[in-house]
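K.L.:
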Amino acid sequence: MESPTSTRAVDRAMALLSEVCSEPSLTLSECARRTQLPASTALRLLRTLEGSGFVTRDVRGSFEAGPRMVQIGTRALSVHRILEIARPALATVVDRTGESAYLALPGPGRTAVYAAAHEGTWPIRHSSWIGREVGLDAAAVRAALDGQTDACGYVTSQGRLEPDITAVAAAVRFRDRILAVVTVLGPTYRLTGTALTDCGAVMADVAHDLEQQLGNPSTMRTPHGVRLNS
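Residues in the sequence shown are numbered consecutively from 10, following the numbering used here.
In structure tokens, the structure reads:
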């Protein structure tokens, strides 16, 4: 159980970080005044934040947002952006395949979270999993998040997430990392042969379009897919 002292220290550090990030830069005295902390306490906490890269000092010794905050801010903005642009993209997937389409984001540990969805149009279809967290040990979404796709840009699995369900997934990259995965979940009896290949091509196209909207350079793909063993 955390002590009140440790919780108070975290609260104070977060208050300092919030103030530093609200301005181009702040002096130590300004940080102390804004947070109503003694200058010695503010300096100790700011040094800890500086050591972790959350704040840095400019040439005058004033404090400003550090590289870790820039990284976190970029991540937050990109996640917000991908959710915004994914919804019409998932609708496109449903229009072209009829299957239920999802956007999965990396979750804590070896998990993924389904953050957006568009339900399919087939009478028999996969139901919405928005907000559901799933393990990454046996699903196409895990392979896509791990970058286990070839030049085609998609990966498939059958019966590994649910019995008689086939998943088709494609990674969405932002700069040098995989930000999210677009995936289709549908009955295995329907997603087979040419239908499966066509669905994979749709997922790769949609993922590629999302990357372009996020600002990634163009990439080339070939019409083949990675299939995970059942």
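Ideal Cβ positions, reconstructed from N, Cα and C, are used throughout, including at glycine.
Here the structure is a predicted model, which means the values were calculated and not measured.
Just curious, the alpha helix (DSSP H) that Gly209 is in, first and last residue?
P.N.:
Element bounds for Gly209: 202–223.
K.L.:
Expressed to the nearest angstrom, what Euclidean distance is found between the alpha-carbon atoms of Ala179 and Val193?
P.N.:
Computed Cα separation, rounded: 9 Å.
K.L.:
Alpha carbon to alpha carbon, what distance is there between Ser27 and Arg199?
P.N.:
Going by the C-alpha atoms only, they are around 52 Å apart.
K.L.:
In three-state terms, what does DSSP make of His5?
P.N.:
The structure shown does not extend to residue 5, since the chain is modelled only from 10 through 239, so no value can be given for it.
K.L.:
When DSSP builds the beta bridges, which residues end up paired with Tyr111?
P.N.:
According to DSSP, Tyr111 bridges with Ala126, Thr192.
K.L.:
Beta-carbon separation of Thr44 and Ala24 under 8 Å?
P.N.:
Against a cut-off of 8 Å, the Cβ pair of Ala24 and Thr44 comes out as a contact.
K.L.:
DSSP three-state call for Val164: helix, strand or coil?
P.N.:
If DSSP states are grouped into helix, strand and coil, Val164 belongs with the strands.
K.L.:
Counting beta carbon pairs with one atom in the region 152–163 and one in the region 128–140, are three or more of them shorter than 8 Å?
P.N.:
The region 128–140, when compared against the region 152–163, does not touch it at the 8 Å Cβ threshold.
K.L.:
Taking contact to mean at least 3 C-beta pairs separated by less than 8 Å, is the region 199–216 in contact with the region 93–103?
P.N.:
Contact between the region 199–216 and the region 93–103 is present, because at least three Cβ pairs lie under 8 Å.
K.L.:
If you follow the alpha helix (DSSP H) that Val150 is part of, which residue opens it and which one closes it?
P.N.:
149–154 is the extent of the alpha helix (DSSP H) around Val150.
K.L.:
Assign Thr228 to buried or exposed, taking buried as 16 or more other Cβ atoms, counted over all protein chains shown, within 10 Å of its Cβ.
P.N.:
Residue placement at Thr228 is flagged as unreliable, the pLDDT there being 45, under the threshold of 50; the coordinate-derived value follows with that caveat. Classification for Thr228: exposed.
K.L.:
Report, in whole angstroms, the separation of the C-beta atoms of Gln221 and Thr197, which I expect to be a contact under 8 Å.
P.N.:
Gln221 to Thr197, Cβ: 31 Å. No contact.
K.L.:
Would you decide whether Ile81 is buried or exposed? Buried here means 16 or more other CB atoms lie within 10 Å of its CB.
P.N.:
Exposed, because fewer than 16 other Cβ atoms sit within 10 Å of the Cβ of Ile81.
K.L.:
Going by C-alpha distance, which of Gly62, Asp67, Ile133, Arg21 is nearest Ala48?
P.N.:
When each option's Cα is compared against that of Ala48, the closest is Arg21.
K.L.:
Can you tell me the Cα-Cα spacing of Ala149 and Asp155, whole angstroms?
P.N.:
Approximately 10 Å between the Cα atoms of the pair.
K.L.:
Could you have a look at Gly140 and say whether DSSP puts it in helix, strand or coil?
P.N.:
In this structure, Gly140 counts as coil in the three-state DSSP scheme.
K.L.:
Below 6 Å CB to CB, which residues in the same chain sit around Tyr111 once its five sequence neighbours on both sides are set aside?
P.N.:
Counting only Cβ-Cβ distances below 6 Å, and skipping sequence neighbours, we find Tyr123, Ala126, Thr192.
K.L.:
If I'm right that Leu219 touches Val177 with Cβ under 8 Å, what's the distance once you round it to whole angstroms?
P.N.:
No, Leu219 and Val177 are not in contact; Cβ-Cβ is about 15 Å, not under 8 Å.
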